[in-house]
Amino acid sequence: HMSAPKSKAEQNRESARRAWQRNVQQRKEQRELIALLEEQLEVVKCDFEQSLAQTQACIRQVQSESQALQEQNYMLQCRLMLLESLEVDASISAVSSLVTSDAELDDFQLSPQ
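For this note's numbering, count along the sequence shown from 1 and bump the result up by 12.
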């Protein structure tokens with residue numbers, strides 16, 4: 013025996029129930045997707061924070077090396093200036109000793125035999 017054709021109201025209820033089930037399924041899939049994206053975001057965030065920390069450590073390292081080089085440079089400049097002034101002093105004393113020995117030579121030559 014054939015089942016009676018469904019009334020319009022019954023068809024509407026079934027259609028609404030299917031739509032509701034699709035909606036529930038879509039919302040479940042969206043929640044799963046959101047959870048997955050949040051996990052991925054957490055991983056990316058951790059990687060970023062680790063990378064940032066490494067970069068900051070590198071920056072501090074380079075800054076301290078730069079500071080050390082600056083101090084070393086200053087010390088070398090001081091030593092260079094000191095050496096240059098010592099060279100000038102040495103040149104002056106060398107020239108004056110040459111002048112002195114020339115004068116002594118002249119005195120020697122001028123002295124009567």
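The C-beta atom is built at its ideal place from N, Cα and C for all residues, glycine as well.
Subject >> C-alpha distance - Lys-20 paired with Ser-27, whole-angstrom precision >> reply: CA-CA distance, Lys-20 to Ser-27, rounds to 10 Å.
Original post:
Leaving out five residues before and five after Ser-78 in sequence, what residues of the same chain have Cβ atoms less than 7 Å from its Cβ?
Top reply: Excluding sequence positions up to five before and after Ser-78, its CB lies less than 7 Å from no other CB in the same chain.
**OP:** Using three-state DSSP, classify Leu-113 as helix, strand or coil.
**Re:** The sequence given here has Ser at residue 113, not Leu. Three-state DSSP puts Ser-113 in a helix.
Subject >> Alpha-carbon to alpha-carbon, Leu-64 and Lys-12 >> reply: This structure leaves residue 12 out entirely; the chain is present only between 13 and 125.
Original post:
Looking at Gln-73 and the ligand ATP, is the gap between the Cβ and the nearest heavy atom below 6 Å?
Top reply: As far as ligands go, the structure on display features none, and thus does not contain the ligand ATP.
Original post:
Who are the near neighbours of Gln-62 in its chain, counting only those whose CB is closer than 7 Å to its CB and skipping five residues on each side?
Top reply: none
Original post:
With DSSP run on the structure shown, which of helix, strand or coil describes Ser-19?
Top reply: coil
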